[in-house]
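Input: a single structure, listed below in structure tokens.
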Amino acid sequence: MGREQAKGHALAWRKRAGRIWRDQAAGALALAGLLLPVIIGFAGLGVDLTHWYSQRRAMQNMADGAAIAATHAVMAGASDDAIADAAESGASQNGWDAAQGFTVQTFAPPQGGLYPGLVRAAEVRIGRPVPLYFLGALGMDPVNVTARATGAGVDNGPQCVIALDHTADRAVNFTGSSVVNLGCGVASNSSSSEAIYVGGNATLTANPAQAFGDIFVGNSATLVTQSPVQPYSQRVDDPYDDRIMPVSPASCTYNNFWAQVGDDYTSPPMQPGRYCGGLRISGPADLAPGVYIVDDGDFEIGSQAVVTGDEVTIVLTADAPDDVGNVTINGGAEVTLTPTTSGEMAGILFYQDPNADPGGTNSLSESHFNGNALVNLTGALYFPERQVEYGGSGSAAGATWLHVVARRGKFTPAPRRR
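Converting from the sequence shown to my numbering requires adding 64 to each position, the first position being numbered 1.
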């Protein structure tokens with residue numbers, strides 16, 4: 065190939081490359097022309113969505129403030145109008161302005177959210193039409209943006225039933241068809257996922273219901289509470305851990321005492337003292353006021369017994385921790401007992417030595433209170449290292465009902481009377 069021919073080929077390639085470049089540049093300009101409206105549209109939509117989201121966040125702050133204020137008004141027993149006014153005041157402190165078209169709706173009790181129907185709660189809904197800058201220019205109407213918040217009042221006590229165990233499953237256990245109606249709350253210090261267990265067909269009415277771990281309500285069981293349940297709450301203190309246990313009299317007043325069916329200890333009544341080897345009552349008996357120390361034995365009331373006593377405290381103790389006795393009240397017994405009202409044991413009906421050996425990690429030694437309509441116990445049952453099993457329906461009238469403080473508590477249906 066000659067030099068002139070080579071120059072001709074090079075010139076031809078340059079011309080062809082120029083045509084290709086002009087074709088690609090034209091295509092790029094055409095593609096840019098097609099995509100530019102789409103890009104502008106997405107940018108405008110982004111602006112509108114950002115504005116929409118910022119308005120939604122602002123309304124949520126208003127709703128939160130309004131719900132808090134409304135809940136305080138509910139807890140104070142305010143009227144519906146006062147609750148609505150409180151909600152608007154709480155919203156205005158967080159940027160709400162009626163002149164900007166904001167609407168506020170207040171519901172007490174709530175119609176939705178976490179606590180529908182809860183009488184100690186309030187729900188607030190805030191909304192307004194939000195104009196859209198870009199899409200509005202294209203003819204789209206303003207979007208109605210809303211926010212909702214619900215508040216509820218939480219009680220922190222007092223508690224009628226307290227389980228002190230820190231790790232046990234079902235440290236407080238309501239099972240079977242038991243019906244327990246407390247005039248105050250139930251608490252469990254256990255970290256278990258079933259720290260409070262309400263199962264079977266059991267019904268528990270308590271306010272509040274709180275646990276260091278979780279609260280389980282399953283099967284056909286029912287938990288009724290005025291304030292929201294409080295799982296993963298703080299542990300409650302032992303209300304009796306600072307009491308000094310009575311030690312007088314130090315010597316035995318009676319040994320292996322048994323009031324049998326044919327005996328009558330109503331006149332004169334039984335007397336306070338130290339009952340070594342246990343105290344057993346199968347017949348009629350009145351307990352004179354005072355402290356009954358049951359040393360190295362159990363306190364038992366038989367199914368045929370009729371027992372009464374005002375201002376009495378039964379203390380269970382022993383020199384050896386594993387010799388500390390328990391309590392058994394059998395079904396069928398008629399029992400009416402009230403606690404002492406003065407001194408170190410004031411308010412306590414049964415007090416078990418805190419040094420008592422639990423009797424096992426998985427199966428604690430326990431006391432049995434087989435309650436029914438004829439068993440009326442008032443005051444505290446204090447068993448800090450063992451389990452209390454209370455059989456039967458319970459009802460409460462404030463502080464006059466049982467106050468069960470135990471390592472674990474179990475509530476079961478009442479035994480049938482024969």
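Note that CB positions come from ideal geometry on N, CA and C, so glycine has one too.
Every value quoted in this text rests on a predicted model; they were computed, and no experiment measured them.
Sequence-distant residues of its chain with Cβ nearer than 6 Å to residue i (five each side left out)
i    : result
G458 : The pLDDT assigned to G458 is 45, lower than 50, so where the model puts this residue is not dependable; a value taken from the coordinates is nonetheless given after this. If we look at G458 and ignore the five residues flanking it on each side, its Cβ neighbours are V244.
T540 : Given a span of 65 to 482 for the chain in the structure shown, any question on residue 540 remains unanswerable.
P295 : A275, D278 and I279
A146 : A137
D327 : G347
S252 : A227, A235, V236, A259, I260 and A275
F433 : I393 and Y454
T167 : G191
Q169 : R189
G181 : P173
Y329 : A323 and A349
N320 : G341
P477 : G240, S241 and S242
V262 : F238, L268, V281, A285 and L287
F475 : F238, S242, V244 and Y454
L113 : none
G473 : V225, A227, V236 and V452
V468 : V225, L445 and V452
Q157 : G129
Distance cut-off 7 Å: residue i Cβ against heavy atoms of the ligand HEM
i    : result
D359 : The ligand HEM is absent from the structure shown, which contains no ligands of any kind.
Residue i and residue j closer than 8 Å at C-beta
i    : j    : result
V336 : Y318 : The question names Val, but residue 336 is Pro in the sequence shown. No, they are not a contact pair.
A186 : V138 : yes
R517 : D229 : No answer is possible for residue 517: the residues shown for the chain start at 65 and end at 482.
D362 : D387 : no
V376 : P333 : no
A273 : V293 : yes
A130 : V194 : no
V225 : V236 : yes
G342 : V358 : yes
D304 : A444 : The sequence given here places Tyr at residue 304; Asp does not occur at that position. Yes, Cβ-Cβ distance for Y304 and A444 is below 8 Å.
I365 : L413 : no
A133 : A151 : yes
M126 : A155 : yes
S254 : T289 : no
E398 : L428 : no
L380 : Q416 : yes
I345 : A369 : yes
R307 : E408 : yes
Collapsed DSSP secondary structure at residue i in the structure displayed
i    : result
S156 : helix
S459 : Any reading at S459 is ruled out, since the residue's pLDDT is 40, under 50, leaving its predicted position unreliable.
P193 : strand
S431 : strand
Q175 : coil
I393 : strand
A319 : Note that residue 319 corresponds to Asn in the displayed sequence, not to Ala. Strand, per DSSP.
T442 : coil
Q294 : strand
N125 : helix
L99  : Because the pLDDT at L99 is just 46, under 50, the model does not fix this residue reliably, and the point stays unresolved.
V325 : coil
A349 : strand
A133 : helix
A369 : coil
I308 : coil
T330 : strand
Q164 : helix
L113 : helix
R471 : strand
A235 : coil
R120 : helix
V225 : strand
D491 : The requested residue 491 is not part of the displayed model; the chain covers only 65 to 482.
Q150 : Going by the sequence as given, residue 150 is Ala instead of Gln. If DSSP states are grouped into helix, strand and coil, A150 belongs with the helices.
Own chain, CB closer than 7 Å to residue i, minus 5 neighbours either side, in chain order
i    : result
G233 : Checking the displayed sequence, the identity of residue 233 turns out to be Asp instead of Gly. Here the set comprises S256 and E258.
S291 : R184, A216, G217, V218, D219, N271 and P272
Q223 : C248, G249, V250, A251 and V300
A122 : G159
E430 : N390, R450, Q451, V452 and E453
S367 : N394, G395, G396 and A397
Neighbourhood of residue i by C-beta distance below 8 Å, restricted to the same chain and skipping five residues each side
i    : result
P353 : P336, G373, D374, E375, V376 and T404
R480 : Because R480 sits at a pLDDT of 45, beneath the cut-off of 50, its placement in the model cannot be relied upon, and the point is left open.
Q124 : A211 and A213
N208 : G191, R192, P193 and V194
Run through the stretch 240-291 for me and flag every whole beta strand (DSSP E) of 3 or more residues, listed as ranges in chain order. 243-245, 249-252, 260-262, 267-269, 273-275, 279-281 and 286-288
Taking 8 Å as the threshold, find out whether the stretch 208-215 comes into contact with the stretch 234-244 through three or more Cβ pairs. no
Tell me whether the stretch 261-278 and the stretch 303-318 touch, counting them as touching only if at least three CB pairs, one residue from each stretch, are closer than 8 Å. no
The stretch 444-458 / the stretch 412-431 touching (three or more Cβ pairs under 8 Å): yes
Ignoring anything shorter than 4 residues, give me the alpha helix (DSSP H) runs that lie fully in the stretch 374-423, in order along the chain. none
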